[in-house]
Amino acid sequence: MASSLGNFEKLPAELRLLIWEEVLSSGSPAIMRASRAFYDDIAGRLYDTFDIDISPDHKGPWLRFRGRRLRVSWDLHKPEGRKKWKRFWKLSYKNVPLFVHIYAPDRADPGQIIMLWQKARDLVNILNRARYYRTLITFCLHDHRGQKWEEDGIATESIPYPGYPLPDFIIAFLPFCRLSGVRNCKATCDSRKLRRSRGWDFLRYGCSFIMNDSFKKYNDCQYSRDPRYTDITRLFDDIWTWMVDTDFLLETNMDSLRGFTARLLRRDRFADWYHTLDDTPASPTPRIWEGNSWWGEGIDWLIDDEPTDIFNDPTERIRRYRFLHRLGDYAGRLFNRIKEAAAAQDLAIDDRVGELRSTLNEESQNSSDEARQTMRALEDSISYLRKERFDVDLDMVKLAILVYTKRNQISRLLTEEANADKEALQDILPDSQARFRSTWQRIIDFYPDSQGWKPTRPNEEPDSGPSSERVFNNRVFDAGLQAAIPTIEDRKPHVPYAIGANKTLSDPTPYRRPKRRASGSPKPDGGTTRLPDNTTASYLQPSFVACTDAKDAKLLEEFHG
Numbered sequence: 006m007a008s009s010l011g012n013f014e015k016l017p018a019e020l021r022l023l024i025w026e027e028v029l030s031s032g033s034p035a036i037m038r039a040s041r042a043f044y045d046d047i048a049g050r051l052y053d054t055f056d057i058d059i060s061p062d063h064k065g066p067w068l069r070f071r072g073r074r075l076r077v078s079w080d081l082h083k084p085e086g087r088k089k090w091k092r093f094w095k096l097s098y099k100n101v102p103l104f105v106h107i108y109a110p111d112r113a114d115p116g117q118i119i120m121l122w123q124k125a126r127d128l129v130n131i132l133n134r135a136r137y138y139r140t141l142i143t144f145c146l147h148d149h150r151g152q153k154w155e156e157d158g159i160a161t162e163s164i165p166y167p168g169y170p171l172p173d174f175i176i177a178f179l180p181f182c183r184l185s186g187v188r189n190c191k192a193t194c195d196s197r198k199l200r201r202s203r204g205w206d207f208l209r210y211g212c213s214f215i216m217n218d219s220f221k222k223y224n225d226c227q228y229s230r231d232p233r234y235t236d237i238t239r240l241f242d243d244i245w246t247w248m249v250d251t252d253f254l255l256e257t258n259m260d261s262l263r264g265f266t267a268r269l270l271r272r273d274r275f276a277d278w279y280h281t282l283d284d285t286p287a288s289p290t291p292r293i294w295e296g297n298s299w300w301g302e303g304i305d306w307l308i309d310d311e312p313t314d315i316f317n318d319p320t321e322r323i324r325r326y327r328f329l330h331r332l333g334d335y336a337g338r339l340f341n342r343i344k345e346a347a348a349a350q351d352l353a354i355d356d357r358v359g360e361l362r363s364t365l366n367e368e369s370q371n372s373s374d375e376a377r378q379t380m381r382a383l384e385d386s387i388s389y390l391r392k393e394r395f396d397v398d399l400d401m402v403k404l405a406i407l408v409y410t411k412r413n414q415i416s417r418l419l420t421e422e423a424n425a426d427k428e429a430l431q432d433i434l435p436d437s438q439a440r441f442r443s444t445w446q447r448i449i450d451f452y453p454d455s456q457g458w459k460p461t462r463p464n465e466e467p468d469s470g471p472s473s474e475r476v477f478n479n480r481v482f483d484a485g486l487q488a489a490i491p492t493i494e495d496r497k498p499h500v501p502y503a504i505g506a507n508k509t510l511s512d513p514t515p516y517r518r519p520k521r522r523a524s525g526s527p528k529p530d531g532g533t534t535r536l537p538d539n540t541t542a543s544y545l546q547p548s549f550v551a552c553t554d555a556k557d558a559k560l561l562e563e564f565h566g
């Protein structure tokens with residue numbers, strides 16, 4: 006019986022491998038579709054392991070994919086590489102371990118760390134668009150041409166950040182925190198001192214963050230409840246804002262940095278400023294709204310992670326961030342009232358706005374009425390609010406859901422700012438949102454109108470008497486809320502990169518866990534270790550918290566004797 010390899014069967018396996026390597030290096034794997042025998046002879050070696058090189062050097066490819074067992078490589082160049090991204094979306098990553106090699110930049114040429122940031126961001130866009138999940142990703146930080154990630158026990162920092170250190174290895178790793186669909190994730194480096202430092206805890210936490218899909222869901226990874234990672238947990242609670250802040254730092258510093266790489270990046274940026282929208286490369290991120298008209302027009306950038314129309318326009322990008330910062334709270338108030346209206350009617354709506362947006366997008370693409378339960382619940386909640394005499398409609402709610410999803414909470418809004426923001430809408434809204442100006446005026450009006458509102462259960466009369474009006478006018482609800490819930494400033498770390506009292510991410514001193522001491526054992530500073538005396542505590546005695554004010558706390562204390 007003749008072999009399906011045909012005449013290739015007559016060649017030694019070593020010679021066939023040389024042929025496969027030469028053919029695949031041309032960039033097309035079409036030969037693997039010629040026959041099953043060809044596929045079996047190639048795939049086992051091709052999909053064994055991929056190495057991805059990210060170099061800070063401006064020479065050479067933007068990204069390089071290398072096979073480990075089959076000596077084949079694919080180079081992505083900029084901007085031609087963007088047209089080839091689609092090929093890498095279709096690779097079968099589910100059985101292929103990926104090793105991402107990141108090489109240390111030269112501090113004398115600070116533009117190299119910006120180039121690493123841009124390359125890492127592009128690689129994340131490629132991997133997130135891939136149709137298959139990634140079974141394993143290992144990040145390898147290598148010393149490169151005499152340059153190291155740490156020198157003399159201190160992490161290198163190419164671009165100083167005002168107020169606190171921002172080491173280069175943090176900047177190089179930070180874009181990968183957007184990765185999703187990764188089953189296993191690890192990080193390693195050439196420097197033993199760096200691996201044993203407190204700063205390495207950030208990468209250890211980041212790998213767990215990636216495996217848990219926390220960027221899409223919420224920060225609830227393995228280390229989020231570990232007291233040793235409290236400060237890092239706060240950073241990852243608002244990881245998107247941190248990425249935006251870092252991108253802004255690098256973008257603005259590029260204008261004045263010395264060195265050849267910075268000049269090259271400035272030239273490339275200037276060359277792209279005058280491109281038309283047709284010339285702008287397609288966004289590499291998934292566009293889950295394509296073919297879906299339910300959301301309406303003008304919402305592309307609210308759903309895309311890297312919107313095409315601001316790909317080369319940092320000014321418009323900053324303006325949109327400001328728009329999300331100023332108007333995100335108004336959208337959040339409307340979303341929260343929709344949830345409460347749904348709960349009052351025992352309707353099922355996702356508690357998290359990001360999950361709600363994904364659910365609505367899936368249902369809007371399904372023509373079956375049975376599959377649109379969330380959409381019907383949303384419409385019923387809107388009708389409920391309209392009966393409560395609120396000016397709400399479906400267009401308002403859809404826009405609020407999109408904006409609130411896009412915006413991570415930055416600050417808590419005060420009601421007094423509503424009028425000022427309403428008057429400044431013309432300056433706040435980006436060009437793509439100008440058509441929604443009247444809708445935004447109504448969303449802003451909804452914010453003070455709905456303050457203090459509580460949904461009524463079926464067959465329950467709403468409280469609209471003088472006492473309710475006084476509570477609303479005197480902002481008692483605000484006082485209780487601010488006392489019970491910490492403000493966003495309390496949530497943020499005052500020193501964002503501090504790991505301990507005298508430790509920072511740039512301090513590679515090894516962390517030593519304090520020893521636990523048994524009860525009654527002597528302390529180093531004298532005395533003995535004793536367990537707290539809980540014998541006099543009663544389960545009836547309440548735990549007093551700042552739920553309202555000092556007067557109420559005093560009444561509770563007297564009531565319980």
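Using this note's numbering, read the sequence shown as starting at 6 and increasing by one per residue. We treat Cβ as the ideally placed atom computed from N, Cα and C, and that holds for glycine.
Extent of the continuous beta strand (DSSP E) to which residue i belongs
i	result
residue 72	68 to 72
residue 57	55 to 59
residue 198	Taken as a continuous stretch (DSSP letters only), residue 198 belongs to no beta strand (DSSP E), being part of the alpha helix (DSSP H) at 197 to 200.
residue 194	190 to 194
residue 107	103 to 108
residue 81	78 to 81
Bounding residues of the alpha helix (DSSP H) (the contiguous stretch that carries residue i)
i	result
residue 443	442 to 454
residue 124	116 to 134
residue 142	That residue, residue 142, is in no alpha helix (DSSP H); its beta strand (DSSP E) goes 142 to 147.
residue 242	235 to 242
residue 213	205 to 216
residue 47	41 to 51
residue 29	18 to 29
residue 225	Premise fails: residue 225 is in no alpha helix (DSSP H) and is neither H nor E.
Residue i, buried or exposed, once every other Cβ within 10 Å from all chains shown has been counted against 16
i	result
residue 61	buried
residue 58	buried
residue 515	The pLDDT assigned to residue 515 is 48, lower than 50, so where the model puts this residue is not dependable, and the model offers no usable value.
residue 265	exposed
residue 275	exposed
residue 115	buried
residue 133	buried
residue 65	exposed
residue 39	exposed
residue 206	buried
residue 152	buried
residue 252	buried
residue 23	exposed
C-alpha distance - residue i paired with residue j, whole-angstrom precision
i	j	result
residue 426	residue 438	15 Å
residue 637	residue 191	For residue 637 there is no data in the structure shown, the boundaries of the chain being 6 and 566.
residue 96	residue 138	10 Å
residue 50	residue 118	34 Å
residue 352	residue 408	23 Å
residue 45	residue 10	10 Å
residue 128	residue 169	28 Å
residue 70	residue 229	33 Å
residue 157	residue 131	36 Å
residue 333	residue 345	19 Å
residue 204	residue 172	9 Å
residue 258	residue 356	40 Å
residue 13	residue 21	7 Å
residue 201	residue 164	24 Å
residue 498	residue 19	Unreliable placement is indicated for residue 498, whose pLDDT of 40 sits below 50; the coordinate value is still reported in the next sentence. Each residue's alpha carbon lies about 59 Å from the other.
residue 399	residue 387	7 Å
residue 222	residue 42	42 Å
residue 477	residue 412	With a pLDDT of only 45 at residue 477, under 50, the local geometry of the prediction cannot be trusted, and no value is derived from it.
residue 442	residue 390	22 Å
residue 270	residue 261	12 Å
residue 392	residue 430	28 Å
residue 272	residue 330	31 Å
residue 371	residue 403	18 Å
residue 185	residue 220	8 Å
Residue i at chain C interface by Cβ criterion, 7 Å
i	result
residue 233	In the structure shown, chain C cannot be found, because there is only a single protein chain.
inquiry  = Report the start-end ranges of each alpha helix (DSSP H) in the stretch 354 to 408 that is 4 residues or longer and not cut off at the edges.
reply    = Counting only runs of 4 or more, we get 358 to 369, 378 to 392.
ask   = On the three-pair Cβ rule with 8 Å, is the stretch 166 to 180 touching the stretch 248 to 255?
value = With the cut-off at 8 Å, the stretch 166 to 180 and the stretch 248 to 255 touch.
ask   = Taking one C-beta from the stretch 73 to 80 and one from the stretch 130 to 145 each time, how about it: are there three or more such pairs within less than 8 Å?
value = Not touching, per the Cβ criterion.
message = Across the stretch 110 to 128 and the stretch 257 to 275, are there enough close Cβ pairs to call them in contact, namely three or more that are closer than 8 Å?
response = Result yes; three or more Cβ-Cβ pairs closer than 8 Å.
task = Evaluate contact between the stretch 231 to 238 and the stretch 18 to 33, counting only Cβ atoms and requiring at least three cross-stretch pairs below 8 Å.
result = Between the stretch 231 to 238 and the stretch 18 to 33, the count of Cβ pairs shorter than 8 Å is below three; the stretches do not touch.
ask   = Is there contact here, the stretch 193 to 203 with the stretch 145 to 161, by at least three beta-carbon pairs under 8 Å?
value = The stretch 193 to 203 vs the stretch 145 to 161: in contact.
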